[in-house]
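S.K.:
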Amino acid sequence: MPPRAWPQPLVAVRDVEASSRFYQHVLSAESGHGGDEYEQIVVGGEILLQLHRIDVEDHHGPLADPEQPLGNGVLLWFEVADLETATERVRASGATVVRDVHVNPNARQQEVWFRDPDGYLVVLAGPSEYRPRG
25 MPPRAWPQPL
35 VAVRDVEASS
45 RFYQHVLSAE
55 SGHGGDEYEQ
65 IVVGGEILLQ
75 LHRIDVEDHH
85 GPLADPEQPL
95 GNGVLLWFEV
105 ADLETATERV
115 RASGATVVRD
125 VHVNPNARQQ
135 EVWFRDPDGY
145 LVVLAGPSEY
155 RPRG
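In this text, residue positions in the sequence shown follow this note's numbering: the first is 25, and each later residue adds one.
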(Lines of atoms letter the chains of each structure in order from A and count residues from 1; the text may use other names and numbers.)
(Lines give C-alpha, C1' and ligand atoms only; values in the text may rest on other atoms or scores of the structure.)
Protein backbone atom coordinates (compact mmCIF):
# COMPACT_ATOMS: atom_id res chain seq x y z
CA MET A 1 0.00 0.00 0.00
CA PRO A 2 1.44 3.42 -0.88
CA PRO A 3 2.07 5.84 1.99
CA ARG A 4 -0.84 8.02 3.05
CA ALA A 5 1.16 10.49 5.11
CA TRP A 6 4.27 12.50 4.32
CA PRO A 7 6.54 14.31 6.76
CA GLN A 8 6.73 18.09 6.47
CA PRO A 9 8.51 19.17 9.67
CA LEU A 10 8.44 22.84 10.60
CA VAL A 11 11.13 24.42 12.77
CA ALA A 12 11.24 27.86 14.34
CA VAL A 13 14.29 29.88 13.28
CA ARG A 14 15.62 33.37 13.95
CA ASP A 15 16.41 34.29 10.33
CA VAL A 16 14.26 32.51 7.74
CA GLU A 17 16.18 33.80 4.74
CA ALA A 18 19.59 32.77 6.14
CA SER A 19 18.27 29.35 7.16
CA SER A 20 16.69 28.93 3.74
CA ARG A 21 20.00 29.65 2.00
CA PHE A 22 21.76 27.19 4.35
CA TYR A 23 19.31 24.33 3.75
CA GLN A 24 19.08 24.99 0.02
CA HIS A 25 22.88 24.72 -0.12
CA VAL A 26 23.44 21.62 2.04
CA LEU A 27 20.43 19.72 0.65
CA SER A 28 20.84 20.88 -2.96
CA ALA A 29 17.25 22.10 -2.65
CA GLU A 30 15.23 25.12 -3.70
CA SER A 31 12.86 27.64 -2.20
CA GLY A 32 9.23 26.63 -2.41
CA HIS A 33 7.74 29.77 -0.90
CA GLY A 34 10.29 32.48 -0.08
CA GLY A 35 10.02 35.30 2.40
CA ASP A 36 11.35 36.49 5.70
CA GLU A 37 8.63 34.93 7.90
CA TYR A 38 7.99 31.49 6.35
CA GLU A 39 9.73 29.24 3.83
CA GLN A 40 9.49 25.77 2.34
CA ILE A 41 12.62 23.84 1.40
CA VAL A 42 11.75 21.69 -1.62
CA VAL A 43 13.45 18.94 -3.63
CA GLY A 44 11.79 17.43 -6.68
CA GLY A 45 8.47 19.08 -5.88
CA GLU A 46 8.36 17.59 -2.35
CA ILE A 47 8.56 19.72 0.80
CA LEU A 48 11.45 18.50 2.95
CA LEU A 49 11.35 21.18 5.61
CA GLN A 50 9.40 24.27 6.61
CA LEU A 51 11.01 27.25 8.32
CA HIS A 52 9.05 29.76 10.41
CA ARG A 53 10.42 32.89 12.06
CA ILE A 54 10.29 32.42 15.80
CA ASP A 55 8.78 35.83 16.60
CA VAL A 56 5.93 35.71 14.06
CA GLU A 57 2.68 34.35 15.48
CA ASP A 58 0.46 34.46 12.35
CA HIS A 59 -2.90 32.75 12.82
CA HIS A 60 -1.64 30.04 15.18
CA GLY A 61 0.08 31.91 18.01
CA PRO A 62 3.69 31.47 19.13
CA LEU A 63 5.55 28.36 17.97
CA ALA A 64 8.46 28.53 20.40
CA ASP A 65 9.76 30.51 23.34
CA PRO A 66 12.45 32.86 21.96
CA GLU A 67 14.17 32.86 25.35
CA GLN A 68 14.88 29.12 25.16
CA PRO A 69 17.61 27.48 23.06
CA LEU A 70 16.30 26.18 19.75
CA GLY A 71 16.59 22.55 18.81
CA ASN A 72 17.08 20.91 22.19
CA GLY A 73 16.27 17.25 21.62
CA VAL A 74 15.36 17.71 17.96
CA LEU A 75 17.34 16.09 15.15
CA LEU A 76 16.56 16.98 11.55
CA TRP A 77 17.40 13.80 9.63
CA PHE A 78 17.61 13.60 5.85
CA GLU A 79 18.52 10.66 3.63
CA VAL A 80 20.54 11.75 0.59
CA ALA A 81 21.49 9.85 -2.54
CA ASP A 82 25.11 11.07 -2.59
CA LEU A 83 26.47 11.51 0.92
CA GLU A 84 30.00 12.34 -0.24
CA THR A 85 28.88 15.33 -2.30
CA ALA A 86 26.42 16.40 0.40
CA THR A 87 29.20 16.28 2.99
CA GLU A 88 31.33 18.54 0.79
CA ARG A 89 28.43 21.03 0.74
CA VAL A 90 28.16 20.84 4.54
CA ARG A 91 31.86 21.58 4.94
CA ALA A 92 31.68 24.44 2.41
CA SER A 93 28.78 25.96 4.37
CA GLY A 94 30.97 26.49 7.41
CA ALA A 95 28.61 24.45 9.60
CA THR A 96 30.02 22.97 12.78
CA VAL A 97 30.45 19.24 12.18
CA VAL A 98 29.55 17.34 15.35
CA ARG A 99 30.26 13.81 14.06
CA ASP A 100 32.15 13.42 10.82
CA VAL A 101 31.20 10.73 8.34
CA HIS A 102 30.79 7.42 10.13
CA VAL A 103 28.72 4.24 9.87
CA ASN A 104 25.64 4.09 12.04
CA PRO A 105 25.65 0.46 13.24
CA ASN A 106 21.88 0.42 13.77
CA ALA A 107 20.83 1.82 10.40
CA ARG A 108 23.90 0.41 8.61
CA GLN A 109 24.40 3.62 6.69
CA GLN A 110 26.94 6.39 6.60
CA GLU A 111 26.04 9.67 8.28
CA VAL A 112 27.42 13.14 9.00
CA TRP A 113 26.06 15.20 11.93
CA PHE A 114 26.29 19.02 12.07
CA ARG A 115 24.62 22.15 13.46
CA ASP A 116 22.49 24.54 11.42
CA PRO A 117 22.60 28.35 11.97
CA ASP A 118 20.08 28.10 14.85
CA GLY A 119 21.82 25.19 16.58
CA TYR A 120 19.53 22.41 15.38
CA LEU A 121 21.36 19.11 15.06
CA VAL A 122 21.13 17.96 11.43
CA VAL A 123 21.99 14.50 10.14
CA LEU A 124 22.58 13.65 6.50
CA ALA A 125 22.50 9.91 5.93
CA GLY A 126 23.45 7.94 2.87
CA PRO A 127 21.17 5.27 1.42
CA SER A 128 20.10 2.52 3.81
CA GLU A 129 19.67 -1.15 3.02
CA TYR A 130 16.48 -1.00 5.08
CA ARG A 131 14.89 1.39 2.63
CA PRO A 132 16.42 0.95 -0.79
CA ARG A 133 15.53 3.73 -3.22
CA GLY A 134 14.64 2.76 -6.75
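The beta carbon of each residue, even a glycine, is placed where N, CA and C say it ideally should be.
Among G150, N130, E135 and N128, which one has its Cα closest to the Cα of V121?
M.R.: Counting from 1 along the sequence shown, the entry for residue 121 is found at position 97. Out of G150, N130, E135 and N128, E135 has the C-alpha closest to the C-alpha of V121.
S.K.: Let me know the beta strand (DSSP E) ranges lying completely inside the stretch 95-148, each 3 residues or longer, listed in chain order.
M.R.: Runs of the beta strand (DSSP E) inside the stretch 95-148: 99-103, 121-128 and 133-139.
S.K.: Which residues in the same chain have their Cβ closer than 6 Å to the Cβ of A149, if we skip the five residues on either side of it in sequence?
M.R.: In the sequence shown, the residue the question calls residue 149 occupies position 125. If we look at A149 and ignore the five residues flanking it on each side, its Cβ neighbours are E103, Q133 and E135.
S.K.: Relative to the C-alpha of I78, which residue among H84, A88 and G69 is closest?
M.R.: Within the sequence shown, residue 78 is the residue found at index 54, counting from 1. Answer by Cα proximity: A88.
S.K.: Just the C-alpha distance for Q74 and S117, rounded to the nearest angstrom, thanks.
M.R.: Here residue 74 corresponds to residue number 50 of the sequence shown, with the count starting at 1. Here residue 117 corresponds to residue number 93 of the sequence shown, with the count starting at 1. Taking the straight line joining both Cα atoms gives about 20 Å.
S.K.: Apart from the five residues just before and just after H57, which ones in its own chain have a Cβ nearer than 7 Å to its Cβ?
M.R.: Taking the first residue of the sequence shown as position 1, residue 57 is located at position 33. Contacts found: E63 and Q64.
S.K.: Looking at G95 and D124, is the spacing between their C-beta atoms short of 8 Å?
M.R.: Position 100 of the sequence shown, counted from the first residue, corresponds to residue 124. Position 71 of the sequence shown, counted from the first residue, corresponds to residue 95. No, Cβ-Cβ distance for D124 and G95 is not below 8 Å.
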